[in-house]
Amino acid sequence: MAGNVSSGGGDAFDGLLRRETASVDQKLAAGEEQALAQTRNMDLLSHNGTLPVTVSSVQVHGARNTRKSFLNPLFEPLVEGSRNTTYTLAEMLDEIGAAVGKLQKFDIFHDQIHVHLSQPSQVDPSTSPTDLDVALRVREKSRVFLKTGTDLGNTEGSAYGTMLLRNLFGGAESLALNASTGTRTRSAYSAEFATPVLSNPDLRLSFEGLASSTHKPWASHEEAVKGGGVKLNWTSPAGDRYQVGYTGAWRQLTGLGERASPTVRGDAGDSVKSALSYSFSRDRRDNPMLPQSGYLIKTATELAGWGSLGGDVAFSKSEMELGGAVPVPVPGVQGNSGISIGGGLRAGMLYPLPLGYGLSGAKPSRINDRFALGGPTDVRGFSLGGLGPRDGRDALGGDVFAAGSVNMLFPLPRVGPDSPFRIQLFASGGRSVALRSRVKGKETPAGQGLDAGTVWDGMVSATKDLSTGLPSIAVGLGLVYAHPVARFEVNFSLPLVVRREEEKLKGLSVGVGINFL
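Rendered as C-alpha coordinates:
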(Lines of atoms letter the chains of each structure in order from A and count residues from 1; the text may use other names and numbers.)
(Lines give C-alpha, C1' and ligand atoms only; values in the text may rest on other atoms or scores of the structure.)
Protein backbone atom coordinates (compact mmCIF):
# COMPACT_ATOMS: atom_id res chain seq x y z
CA MET A 1 0.00 0.00 0.00
CA ALA A 2 2.73 2.41 0.97
CA GLY A 3 4.44 1.90 -2.39
CA ASN A 4 1.42 3.35 -4.19
CA VAL A 5 1.65 6.71 -2.43
CA SER A 6 3.47 9.42 -4.40
CA SER A 7 6.24 11.43 -2.74
CA GLY A 8 4.27 14.64 -3.16
CA GLY A 9 1.32 13.15 -1.29
CA GLY A 10 3.69 11.95 1.46
CA ASP A 11 5.24 15.44 1.82
CA ALA A 12 1.80 16.98 2.13
CA PHE A 13 0.84 14.33 4.65
CA ASP A 14 3.99 14.97 6.72
CA GLY A 15 3.33 18.68 6.54
CA LEU A 16 -0.19 18.17 7.77
CA LEU A 17 1.03 16.26 10.81
CA ARG A 18 3.71 18.88 11.57
CA ARG A 19 1.32 21.81 11.36
CA GLU A 20 -1.36 20.55 13.73
CA THR A 21 -2.83 17.42 15.32
CA ALA A 22 -6.37 16.90 14.12
CA SER A 23 -8.93 16.81 16.91
CA VAL A 24 -12.60 15.93 16.73
CA ASP A 25 -15.12 17.19 19.28
CA GLN A 26 -18.30 15.12 19.32
CA LYS A 27 -20.44 17.99 20.47
CA LEU A 28 -20.14 21.69 19.78
CA ALA A 29 -18.60 23.12 22.93
CA ALA A 30 -19.05 26.66 24.11
CA GLY A 31 -16.13 29.03 24.01
CA GLU A 32 -14.28 30.96 21.36
CA GLU A 33 -11.12 28.86 21.52
CA GLN A 34 -12.97 25.60 20.81
CA ALA A 35 -14.92 27.22 17.99
CA LEU A 36 -11.67 28.37 16.38
CA ALA A 37 -10.13 24.92 16.77
CA GLN A 38 -13.10 23.36 15.04
CA THR A 39 -12.81 25.85 12.21
CA ARG A 40 -9.12 24.98 11.74
CA ASN A 41 -9.88 21.27 11.73
CA MET A 42 -12.60 21.70 9.12
CA ASP A 43 -10.18 23.72 6.99
CA LEU A 44 -7.51 21.03 7.25
CA LEU A 45 -10.01 18.33 6.40
CA SER A 46 -11.29 20.20 3.35
CA HIS A 47 -7.77 20.49 1.93
CA ASN A 48 -6.41 17.07 2.97
CA GLY A 49 -9.45 14.83 3.25
CA THR A 50 -8.41 12.63 0.31
CA LEU A 51 -4.96 11.77 1.68
CA PRO A 52 -4.55 7.98 2.12
CA VAL A 53 -4.08 6.82 5.72
CA THR A 54 -4.00 3.58 7.68
CA VAL A 55 -4.71 3.12 11.37
CA SER A 56 -1.75 1.66 13.24
CA SER A 57 -3.26 1.65 16.75
CA VAL A 58 -6.10 3.04 18.85
CA GLN A 59 -5.58 3.98 22.50
CA VAL A 60 -8.19 5.16 25.00
CA HIS A 61 -6.90 7.38 27.83
CA GLY A 62 -8.91 8.13 30.96
CA ALA A 63 -10.99 4.92 31.02
CA ARG A 64 -9.58 3.74 34.32
CA ASN A 65 -12.62 1.67 35.32
CA THR A 66 -13.45 0.24 31.89
CA ARG A 67 -12.22 -3.15 30.74
CA LYS A 68 -9.96 -3.36 27.71
CA SER A 69 -11.84 -6.48 26.61
CA PHE A 70 -15.00 -4.37 26.51
CA LEU A 71 -13.44 -1.60 24.39
CA ASN A 72 -11.58 -3.87 21.95
CA PRO A 73 -14.63 -4.91 19.88
CA LEU A 74 -15.37 -1.23 19.24
CA PHE A 75 -11.96 -0.35 17.77
CA GLU A 76 -10.46 -3.59 16.48
CA PRO A 77 -12.56 -3.41 13.27
CA LEU A 78 -11.07 0.05 12.64
CA VAL A 79 -7.49 -1.24 12.88
CA GLU A 80 -8.10 -4.55 11.12
CA GLY A 81 -10.08 -2.88 8.34
CA SER A 82 -7.33 -0.38 7.56
CA ARG A 83 -4.89 -3.24 6.98
CA ASN A 84 -6.97 -4.44 4.07
CA THR A 85 -8.31 -1.15 2.72
CA THR A 86 -6.54 2.19 2.81
CA TYR A 87 -8.76 4.93 4.22
CA THR A 88 -8.75 8.51 3.17
CA LEU A 89 -8.38 10.94 6.05
CA ALA A 90 -12.05 11.90 5.76
CA GLU A 91 -13.19 8.26 5.78
CA MET A 92 -11.02 7.46 8.77
CA LEU A 93 -12.45 10.37 10.75
CA ASP A 94 -15.96 9.18 9.90
CA GLU A 95 -15.12 5.70 11.20
CA ILE A 96 -13.64 7.13 14.38
CA GLY A 97 -16.66 9.38 14.81
CA ALA A 98 -18.96 6.35 14.56
CA ALA A 99 -16.93 4.51 17.22
CA VAL A 100 -16.97 7.55 19.50
CA GLY A 101 -20.72 7.83 19.01
CA LYS A 102 -21.08 4.28 20.30
CA LEU A 103 -18.97 5.13 23.34
CA GLN A 104 -21.28 8.00 24.18
CA LYS A 105 -24.37 5.76 23.99
CA PHE A 106 -23.09 3.68 26.90
CA ASP A 107 -23.58 6.69 29.21
CA ILE A 108 -20.38 6.00 31.15
CA PHE A 109 -18.30 8.87 29.71
CA HIS A 110 -18.90 12.61 29.61
CA ASP A 111 -20.10 13.92 26.25
CA GLN A 112 -16.89 15.65 25.20
CA ILE A 113 -14.50 13.01 23.85
CA HIS A 114 -11.32 14.27 22.17
CA VAL A 115 -9.61 12.42 19.33
CA HIS A 116 -5.93 13.05 18.57
CA LEU A 117 -3.93 11.79 15.58
CA SER A 118 -0.17 11.26 15.54
CA GLN A 119 2.34 9.52 13.29
CA PRO A 120 4.22 6.53 14.77
CA SER A 121 8.00 6.46 14.84
CA GLN A 122 9.44 5.82 11.37
CA VAL A 123 12.34 3.93 12.97
CA ASP A 124 10.04 0.92 13.31
CA PRO A 125 10.36 -1.00 10.00
CA SER A 126 6.79 -2.30 10.32
CA THR A 127 5.34 1.21 9.93
CA SER A 128 4.51 2.98 6.69
CA PRO A 129 4.25 6.68 5.78
CA THR A 130 0.46 6.44 5.87
CA ASP A 131 0.23 5.02 9.40
CA LEU A 132 -1.54 6.99 12.10
CA ASP A 133 -1.93 6.34 15.80
CA VAL A 134 -5.34 7.32 17.17
CA ALA A 135 -5.66 8.42 20.81
CA LEU A 136 -9.00 9.10 22.49
CA ARG A 137 -9.16 11.07 25.70
CA VAL A 138 -12.29 10.38 27.73
CA ARG A 139 -13.55 11.35 31.17
CA GLU A 140 -15.63 8.79 33.02
CA LYS A 141 -18.85 9.80 34.71
CA SER A 142 -19.27 9.22 38.41
CA ARG A 143 -19.96 5.57 39.11
CA VAL A 144 -22.63 6.44 41.68
CA PHE A 145 -25.60 8.72 41.01
CA LEU A 146 -28.13 9.62 43.70
CA LYS A 147 -31.33 11.59 43.31
CA THR A 148 -34.30 12.33 45.55
CA GLY A 149 -37.32 14.49 44.97
CA THR A 150 -41.06 14.85 44.89
CA ASP A 151 -43.61 14.56 42.12
CA LEU A 152 -47.03 16.18 41.94
CA GLY A 153 -49.42 14.80 39.36
CA ASN A 154 -53.12 14.34 38.81
CA THR A 155 -54.69 12.96 42.03
CA GLU A 156 -51.29 11.93 43.41
CA GLY A 157 -48.24 13.32 45.16
CA SER A 158 -45.18 11.19 45.77
CA ALA A 159 -41.62 11.23 47.06
CA TYR A 160 -38.90 9.14 45.44
CA GLY A 161 -35.27 8.16 45.72
CA THR A 162 -33.02 6.76 42.99
CA MET A 163 -29.54 5.28 43.08
CA LEU A 164 -27.73 4.39 39.85
CA LEU A 165 -24.48 2.43 39.84
CA ARG A 166 -22.64 2.80 36.53
CA ASN A 167 -20.02 0.64 34.88
CA LEU A 168 -20.15 -1.93 37.66
CA PHE A 169 -17.75 -4.47 36.13
CA GLY A 170 -16.05 -2.29 33.55
CA GLY A 171 -18.39 -3.18 30.70
CA ALA A 172 -21.05 -0.42 30.92
CA GLU A 173 -23.20 -2.51 33.25
CA SER A 174 -25.63 -0.58 35.42
CA LEU A 175 -27.74 -1.24 38.50
CA ALA A 176 -30.69 1.07 39.13
CA LEU A 177 -32.43 1.02 42.52
CA ASN A 178 -35.67 2.98 42.96
CA ALA A 179 -38.01 3.57 45.86
CA SER A 180 -41.08 5.79 46.06
CA THR A 181 -44.12 6.39 48.20
CA GLY A 182 -47.16 8.53 47.58
CA THR A 183 -50.81 9.18 48.12
CA ARG A 184 -51.88 6.59 45.53
CA THR A 185 -48.78 4.44 45.14
CA ARG A 186 -48.37 3.38 48.74
CA SER A 187 -44.91 1.99 48.09
CA ALA A 188 -42.88 0.93 45.09
CA TYR A 189 -39.44 -0.67 45.02
CA SER A 190 -37.58 -1.81 41.95
CA ALA A 191 -34.12 -2.96 40.94
CA GLU A 192 -32.83 -3.36 37.39
CA PHE A 193 -29.48 -4.71 36.25
CA ALA A 194 -28.68 -3.98 32.59
CA THR A 195 -25.69 -4.83 30.44
CA PRO A 196 -24.79 -4.33 26.78
CA VAL A 197 -24.50 -7.48 24.68
CA LEU A 198 -21.26 -7.93 22.72
CA SER A 199 -20.19 -4.32 23.47
CA ASN A 200 -23.14 -3.10 21.40
CA PRO A 201 -24.89 -0.03 22.89
CA ASP A 202 -27.97 -0.77 20.77
CA LEU A 203 -28.41 -4.28 22.22
CA ARG A 204 -29.04 -4.53 25.96
CA LEU A 205 -30.11 -7.32 28.29
CA SER A 206 -31.77 -6.44 31.59
CA PHE A 207 -33.00 -8.27 34.68
CA GLU A 208 -35.47 -6.59 36.98
CA GLY A 209 -37.40 -7.15 40.18
CA LEU A 210 -40.20 -5.10 41.71
CA ALA A 211 -42.53 -4.86 44.67
CA SER A 212 -45.34 -2.31 44.83
CA SER A 213 -48.64 -1.52 46.46
CA THR A 214 -51.03 0.82 44.67
CA HIS A 215 -54.35 2.21 45.84
CA LYS A 216 -56.98 2.31 43.10
CA PRO A 217 -59.87 4.39 44.41
CA TRP A 218 -61.80 4.19 41.15
CA ALA A 219 -62.21 0.43 41.78
CA SER A 220 -62.30 0.24 45.61
CA HIS A 221 -59.14 -1.81 46.14
CA GLU A 222 -55.39 -1.90 46.45
CA GLU A 223 -53.13 -4.05 44.31
CA ALA A 224 -49.88 -5.51 45.63
CA VAL A 225 -47.43 -6.83 43.05
CA LYS A 226 -44.18 -8.75 43.51
CA GLY A 227 -42.27 -10.19 40.61
CA GLY A 228 -39.43 -9.98 38.18
CA GLY A 229 -38.44 -10.54 34.61
CA VAL A 230 -35.84 -10.41 31.89
CA LYS A 231 -35.89 -8.20 28.79
CA LEU A 232 -33.84 -7.83 25.64
CA ASN A 233 -33.90 -4.38 24.03
CA TRP A 234 -32.42 -3.38 20.71
CA THR A 235 -32.46 -0.38 18.41
CA SER A 236 -32.31 -0.59 14.62
CA PRO A 237 -29.99 1.68 12.57
CA ALA A 238 -33.09 3.69 11.63
CA GLY A 239 -33.87 4.34 15.31
CA ASP A 240 -36.79 1.92 15.75
CA ARG A 241 -36.95 0.32 19.21
CA TYR A 242 -37.80 -3.31 19.95
CA GLN A 243 -38.21 -5.30 23.14
CA VAL A 244 -38.93 -8.93 23.96
CA GLY A 245 -39.23 -10.16 27.50
CA TYR A 246 -40.62 -12.48 30.10
CA THR A 247 -42.35 -11.40 33.32
CA GLY A 248 -43.54 -13.40 36.27
CA ALA A 249 -45.59 -11.66 38.94
CA TRP A 250 -47.67 -12.47 41.97
CA ARG A 251 -50.60 -10.03 42.26
CA GLN A 252 -52.98 -9.54 45.14
CA LEU A 253 -56.19 -7.51 45.20
CA THR A 254 -56.60 -6.45 48.79
CA GLY A 255 -57.71 -3.53 50.95
CA LEU A 256 -61.24 -3.61 49.58
CA GLY A 257 -63.40 -0.59 50.27
CA GLU A 258 -66.56 -0.87 52.32
CA ARG A 259 -68.64 -0.32 49.19
CA ALA A 260 -66.61 -2.56 46.90
CA SER A 261 -68.81 -4.08 44.21
CA PRO A 262 -69.47 -7.83 43.85
CA THR A 263 -67.25 -7.89 40.75
CA VAL A 264 -64.27 -6.42 42.60
CA ARG A 265 -64.87 -8.80 45.53
CA GLY A 266 -64.97 -11.71 43.11
CA ASP A 267 -61.51 -10.82 41.75
CA ALA A 268 -60.04 -10.21 45.22
CA GLY A 269 -57.22 -12.41 46.39
CA ASP A 270 -54.14 -13.80 44.71
CA SER A 271 -53.28 -14.44 41.08
CA VAL A 272 -50.05 -15.35 39.31
CA LYS A 273 -49.19 -14.04 35.85
CA SER A 274 -46.47 -15.59 33.71
CA ALA A 275 -46.19 -13.79 30.38
CA LEU A 276 -44.10 -13.20 27.30
CA SER A 277 -44.15 -9.72 25.79
CA TYR A 278 -43.08 -7.92 22.63
CA SER A 279 -43.14 -4.21 21.84
CA PHE A 280 -42.18 -1.99 18.92
CA SER A 281 -41.82 1.78 18.73
CA ARG A 282 -41.07 4.09 15.81
CA ASP A 283 -40.92 7.74 16.79
CA ARG A 284 -40.27 10.25 14.02
CA ARG A 285 -41.61 13.29 15.88
CA ASP A 286 -39.41 16.35 16.12
CA ASN A 287 -40.16 16.70 19.85
CA PRO A 288 -41.90 13.89 21.78
CA MET A 289 -43.13 16.28 24.49
CA LEU A 290 -44.33 18.99 22.12
CA PRO A 291 -44.53 17.56 18.59
CA GLN A 292 -44.84 20.03 15.74
CA SER A 293 -44.26 17.50 12.95
CA GLY A 294 -43.66 13.78 12.44
CA TYR A 295 -45.44 10.61 13.48
CA LEU A 296 -45.42 7.86 16.11
CA ILE A 297 -46.21 4.14 15.85
CA LYS A 298 -46.27 1.88 18.91
CA THR A 299 -47.44 -1.68 19.39
CA ALA A 300 -47.36 -3.97 22.42
CA THR A 301 -48.34 -7.63 22.69
CA GLU A 302 -48.49 -9.86 25.76
CA LEU A 303 -49.16 -13.60 25.95
CA ALA A 304 -49.90 -14.95 29.43
CA GLY A 305 -50.60 -18.42 30.80
CA TRP A 306 -50.75 -20.28 27.49
CA GLY A 307 -48.87 -23.49 26.86
CA SER A 308 -46.08 -24.13 29.36
CA LEU A 309 -45.95 -20.55 30.65
CA GLY A 310 -47.84 -21.41 33.83
CA GLY A 311 -49.66 -19.03 36.12
CA ASP A 312 -53.39 -18.96 36.73
CA VAL A 313 -54.40 -16.29 34.20
CA ALA A 314 -54.29 -16.80 30.45
CA PHE A 315 -54.89 -14.22 27.74
CA SER A 316 -53.52 -12.50 24.69
CA LYS A 317 -53.36 -8.72 25.04
CA SER A 318 -52.53 -6.36 22.20
CA GLU A 319 -52.43 -2.58 22.01
CA MET A 320 -51.59 -0.13 19.24
CA GLU A 321 -51.00 3.61 19.25
CA LEU A 322 -50.71 6.00 16.30
CA GLY A 323 -49.92 9.67 16.61
CA GLY A 324 -48.64 12.59 14.63
CA ALA A 325 -48.55 16.31 14.08
CA VAL A 326 -48.26 18.73 11.17
CA PRO A 327 -47.16 22.37 11.32
CA VAL A 328 -49.56 25.09 10.23
CA PRO A 329 -47.92 27.76 8.06
CA VAL A 330 -48.95 31.34 8.70
CA PRO A 331 -48.87 33.86 5.83
CA GLY A 332 -46.17 36.42 6.42
CA VAL A 333 -44.33 34.30 8.99
CA GLN A 334 -41.16 32.63 7.81
CA GLY A 335 -40.12 29.31 9.25
CA ASN A 336 -41.85 27.66 12.17
CA SER A 337 -44.97 29.50 13.28
CA GLY A 338 -45.38 27.39 16.43
CA ILE A 339 -48.92 26.46 15.40
CA SER A 340 -49.60 22.78 14.78
CA ILE A 341 -52.42 20.28 14.51
CA GLY A 342 -51.89 16.90 16.11
CA GLY A 343 -53.86 13.79 16.80
CA GLY A 344 -53.63 10.31 18.19
CA LEU A 345 -55.44 6.98 18.17
CA ARG A 346 -55.18 4.09 20.62
CA ALA A 347 -56.88 0.73 20.48
CA GLY A 348 -56.50 -2.55 22.30
CA MET A 349 -57.98 -6.02 22.81
CA LEU A 350 -57.67 -8.59 25.58
CA TYR A 351 -58.60 -12.09 24.43
CA PRO A 352 -59.12 -14.76 27.13
CA LEU A 353 -57.33 -18.07 26.52
CA PRO A 354 -57.51 -21.50 28.17
CA LEU A 355 -54.73 -22.27 30.63
CA GLY A 356 -51.91 -24.52 29.47
CA TYR A 357 -52.63 -26.37 26.27
CA GLY A 358 -56.34 -26.73 26.94
CA LEU A 359 -58.87 -26.09 24.18
CA SER A 360 -61.81 -25.01 26.34
CA GLY A 361 -62.62 -23.43 29.65
CA ALA A 362 -61.10 -19.97 29.21
CA LYS A 363 -61.63 -17.75 32.24
CA PRO A 364 -62.98 -14.20 31.91
CA SER A 365 -60.36 -11.49 32.33
CA ARG A 366 -59.56 -10.04 35.74
CA ILE A 367 -59.91 -6.40 36.68
CA ASN A 368 -56.14 -5.97 37.04
CA ASP A 369 -55.52 -7.15 33.47
CA ARG A 370 -58.16 -5.12 31.64
CA PHE A 371 -57.69 -1.73 29.98
CA ALA A 372 -58.44 1.36 32.07
CA LEU A 373 -59.57 4.33 29.99
CA GLY A 374 -60.09 7.95 30.92
CA GLY A 375 -58.00 10.59 32.61
CA PRO A 376 -55.91 13.69 31.85
CA THR A 377 -53.32 11.81 29.75
CA ASP A 378 -55.68 9.98 27.37
CA VAL A 379 -59.40 10.83 27.16
CA ARG A 380 -59.49 14.25 28.80
CA GLY A 381 -62.72 15.33 30.43
CA PHE A 382 -63.23 12.01 32.22
CA SER A 383 -61.87 10.71 35.51
CA LEU A 384 -59.26 7.97 35.79
CA GLY A 385 -60.92 4.77 34.64
CA GLY A 386 -64.10 6.75 34.10
CA LEU A 387 -64.95 5.22 30.72
CA GLY A 388 -66.26 1.72 30.21
CA PRO A 389 -68.06 -0.93 32.26
CA ARG A 390 -68.88 -0.26 35.89
CA ASP A 391 -70.38 -2.15 38.78
CA GLY A 392 -71.90 0.37 41.11
CA ARG A 393 -69.21 2.94 41.93
CA ASP A 394 -66.36 0.79 40.66
CA ALA A 395 -64.72 1.08 37.24
CA LEU A 396 -64.05 -2.44 35.93
CA GLY A 397 -62.02 -1.74 32.79
CA GLY A 398 -62.69 -3.08 29.33
CA ASP A 399 -61.57 -6.01 27.19
CA VAL A 400 -61.75 -3.91 24.01
CA PHE A 401 -61.23 -0.17 23.72
CA ALA A 402 -60.61 2.58 21.20
CA ALA A 403 -59.82 6.22 21.89
CA GLY A 404 -58.73 9.21 19.87
CA SER A 405 -57.99 12.89 20.16
CA VAL A 406 -57.18 15.93 18.07
CA ASN A 407 -55.60 19.13 19.30
CA MET A 408 -54.35 22.44 18.01
CA LEU A 409 -51.41 24.18 19.66
CA PHE A 410 -50.70 27.92 19.62
CA PRO A 411 -47.67 29.76 21.04
CA LEU A 412 -48.34 32.23 23.80
CA PRO A 413 -48.61 35.87 22.69
CA ARG A 414 -45.28 37.74 22.73
CA VAL A 415 -43.38 34.54 23.58
CA GLY A 416 -42.70 32.97 20.19
CA PRO A 417 -42.58 29.45 18.75
CA ASP A 418 -39.36 28.47 20.55
CA SER A 419 -41.02 28.63 23.96
CA PRO A 420 -42.02 25.31 25.63
CA PHE A 421 -45.42 26.81 26.47
CA ARG A 422 -48.48 26.36 24.25
CA ILE A 423 -52.19 27.11 24.36
CA GLN A 424 -54.16 23.97 23.51
CA LEU A 425 -57.58 23.42 21.98
CA PHE A 426 -58.59 19.77 22.07
CA ALA A 427 -61.32 17.25 21.51
CA SER A 428 -61.01 13.68 22.76
CA GLY A 429 -63.25 10.67 22.89
CA GLY A 430 -63.29 6.94 23.43
CA ARG A 431 -65.21 3.80 24.18
CA SER A 432 -64.38 0.80 26.36
CA VAL A 433 -66.47 -2.38 26.42
CA ALA A 434 -66.31 -5.75 28.14
CA LEU A 435 -66.57 -9.27 26.80
CA ARG A 436 -70.23 -10.24 26.78
CA SER A 437 -71.80 -13.66 26.99
CA ARG A 438 -73.69 -14.60 23.84
CA VAL A 439 -76.28 -16.41 25.93
CA LYS A 440 -76.92 -13.97 28.76
CA GLY A 441 -76.20 -10.75 26.90
CA LYS A 442 -74.24 -9.29 29.77
CA GLU A 443 -70.77 -9.27 31.25
CA THR A 444 -69.75 -12.79 32.17
CA PRO A 445 -69.40 -13.29 35.94
CA ALA A 446 -65.92 -13.91 37.31
CA GLY A 447 -65.04 -17.58 37.69
CA GLN A 448 -67.42 -18.86 35.01
CA GLY A 449 -65.60 -20.76 32.26
CA LEU A 450 -66.04 -19.81 28.61
CA ASP A 451 -65.78 -22.17 25.69
CA ALA A 452 -63.92 -21.11 22.55
CA GLY A 453 -67.09 -20.31 20.61
CA THR A 454 -68.46 -18.11 23.38
CA VAL A 455 -65.18 -16.21 23.65
CA TRP A 456 -65.02 -15.59 19.91
CA ASP A 457 -68.64 -14.48 19.63
CA GLY A 458 -68.26 -12.31 22.71
CA MET A 459 -65.21 -10.56 21.29
CA VAL A 460 -66.95 -9.98 17.95
CA SER A 461 -69.93 -8.52 19.79
CA ALA A 462 -67.72 -6.33 21.98
CA THR A 463 -65.82 -5.04 18.94
CA LYS A 464 -69.10 -4.14 17.23
CA ASP A 465 -70.20 -2.27 20.35
CA LEU A 466 -67.32 0.16 19.85
CA SER A 467 -69.09 1.63 16.82
CA THR A 468 -72.57 1.55 18.31
CA GLY A 469 -73.65 5.14 18.83
CA LEU A 470 -71.36 8.03 19.61
CA PRO A 471 -68.30 7.53 21.80
CA SER A 472 -67.93 9.56 24.97
CA ILE A 473 -66.56 12.96 23.89
CA ALA A 474 -65.13 16.01 25.63
CA VAL A 475 -63.68 19.29 24.37
CA GLY A 476 -61.60 21.86 26.15
CA LEU A 477 -58.94 24.52 26.40
CA GLY A 478 -55.66 24.30 28.25
CA LEU A 479 -52.07 25.38 28.84
CA VAL A 480 -49.20 23.01 27.98
CA TYR A 481 -45.63 23.13 29.28
CA ALA A 482 -43.14 20.76 27.66
CA HIS A 483 -40.33 20.03 30.11
CA PRO A 484 -37.50 17.79 28.83
CA VAL A 485 -38.49 15.15 31.40
CA ALA A 486 -42.30 15.28 31.25
CA ARG A 487 -45.23 17.19 29.80
CA PHE A 488 -47.51 19.25 32.04
CA GLU A 489 -51.06 20.21 31.13
CA VAL A 490 -53.69 22.33 32.89
CA ASN A 491 -56.98 21.93 31.06
CA PHE A 492 -60.56 23.07 31.35
CA SER A 493 -62.72 20.26 29.99
CA LEU A 494 -66.35 20.17 28.94
CA PRO A 495 -67.84 16.68 28.37
CA LEU A 496 -70.34 16.67 25.50
CA VAL A 497 -71.32 13.00 25.23
CA VAL A 498 -71.42 10.83 28.35
CA ARG A 499 -72.74 7.28 28.45
CA ARG A 500 -74.80 6.01 31.34
CA GLU A 501 -72.79 5.40 34.53
CA GLU A 502 -69.56 6.82 33.09
CA GLU A 503 -67.75 9.34 35.28
CA LYS A 504 -67.14 12.71 33.64
CA LEU A 505 -64.77 15.38 34.93
CA LYS A 506 -66.00 18.85 34.09
CA GLY A 507 -63.72 21.76 34.91
CA LEU A 508 -60.02 22.03 35.63
CA SER A 509 -57.68 19.04 35.66
CA VAL A 510 -53.90 18.62 35.79
CA GLY A 511 -52.04 16.07 33.70
CA VAL A 512 -48.39 15.08 34.11
CA GLY A 513 -46.81 12.36 32.01
CA ILE A 514 -44.64 11.28 29.12
CA ASN A 515 -47.25 9.79 26.79
CA PHE A 516 -50.35 11.83 25.98
CA LEU A 517 -53.08 10.89 23.53
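Residue 1 is where the sequence shown starts when you use full-length UniProt numbering, and the numbers rise one by one after that. Where is the CB? At the ideal position from N, CA and C, for every residue including glycine. Note that the structure is a prediction, hence the values are computed from the model and not measured.
| query | result |
| --- | --- |
| Just the Cα atoms here: how many angstroms apart are residue 353 and residue 277? | 16 Å |
| In chain order, what residues of the same chain lie with their CB nearer than 6 Å to the CB of residue 273, ignoring the 5 residues before and after it? | 249, 304, 311, 313 |
| Give the straight-line distance between the Cα atoms of residue 421 and residue 323, rounded to the nearest whole angstrom. | 20 Å |
| Nearest CA to the CA of residue 516: which residue from 98, 416, 486, 497? | 486 |
| What's the call for residue 98, buried or exposed, on a 16-neighbour Cβ count within 10 Å? | exposed |
| For the segment 252 to 259 and the segment 208 to 223, state whether three or more C-beta atom pairs, one from each stretch, are separated by less than 8 Å. | yes |
| Classify residue 363 as helix, strand or coil using the three-state DSSP reduction. | coil |
| Among the residues of its own chain, which have a CB less than 7 Å from the CB of residue 519, if the five just before and after it don't count? | Outside the displayed range of the chain (1 to 517) lies residue 519, so it cannot be described from this structure. |
| I need the straight-line Cα distance from residue 237 to residue 202, nearest angstrom please. | 9 Å |
| Using the Cα positions of residue 355 and residue 434, report the straight-line distance between them to the nearest angstrom. | 20 Å |
| Look at residue 185 and residue 212 and say whether their C-beta atoms are less than 9 Å apart. | yes |
| So for residue 72, helix, strand or coil by DSSP? | helix |
| Among the residues of its own chain, which have a CB less than 7 Å from the CB of residue 506, if the five just before and after it don't count? | 493, 494, 495 |
| Measure from the alpha carbon of residue 415 to the alpha carbon of each residue in 453, 374, 338, then state which is nearest. | 338 |
| Residues in the same chain with beta-carbon distance under 6 Å from residue 177, minus the five sequence neighbours each way, listed in chain order, please. | 163, 191 |
| Going by beta carbon distance, what residues of the same chain come within less than 6 Å of residue 161, once the five residues before and after it are set aside? | 148, 179 |
| Confirm, please, whether the CB-CB distance from residue 382 to residue 396 is below 9 Å. | no |
| What is the DSSP secondary structure of residue 213, reduced to helix, strand or coil? | strand |
| Using three-state DSSP, classify residue 119 as helix, strand or coil. | coil |
| Excluding the 5 residues flanking residue 79 on each side, which residues of the same chain have their C-beta closer than 8 Å to its C-beta? | 55, 56, 57, 58 |
| Could you tell me the distance, in whole angstroms, from the CA atom of residue 394 to the CA atom of residue 367? | 10 Å |
| Round the Cβ separation of residue 405 and residue 428 to the nearest angstrom and send it over; I've been treating them as touching at under 8 Å. | 4 Å |
| Can you check which of these residues, 117, 286, 347, 281, is closest to residue 379 by C-alpha distance? | 347 |
| Helix, strand or coil, according to DSSP, for residue 330 in the structure here? | coil |
| So, for residue 488: in the same chain, excluding its five sequence neighbours on each side, which residues have a beta-carbon less than 6 Å away from its beta-carbon? | 481, 512 |
| If we ignore side chains and look at the alpha-carbon of each, how far apart do residue 109 and residue 491 end up? | 41 Å |
| Use the C-beta contact count for residue 418: other C-beta atoms within 10 angstroms, 16 or more gives buried, fewer gives exposed. | exposed |
| Measure from the alpha carbon of residue 210 to the alpha carbon of each residue in 225, 197, 198, then state which is nearest. | 225 |
| Tell me the DSSP secondary structure of residue 460 in three-state form. | helix |
| Starting from residue 408 and walking both ways along the alpha helix (DSSP H), at which residues does that stretch end? | Not the alpha helix (DSSP H): residue 408 falls in the beta strand (DSSP E), residues 400 to 411. |
| When you compare only the Cα positions, how much space is there between residue 227 and residue 308? | 18 Å |
| In the DSSP assignment, find the beta strand (DSSP E) that holds residue 182 and state where it starts and stops. | 174 to 182 |
| Kindly give me the distance between the Cβ atoms of residue 88 and residue 50, rounded to whole angstroms, as I take these residues to be in contact under 8 Å. | 5 Å |
| How big is the Cα-Cα spacing for residue 331 and residue 296? | 28 Å |
| Inspect the beta-carbon positions of residue 170 and residue 70 and report whether they are closer than 9 Å. | yes |
| Roughly how many whole angstroms lie between the Cα atoms of residue 503 and residue 474? | 12 Å |
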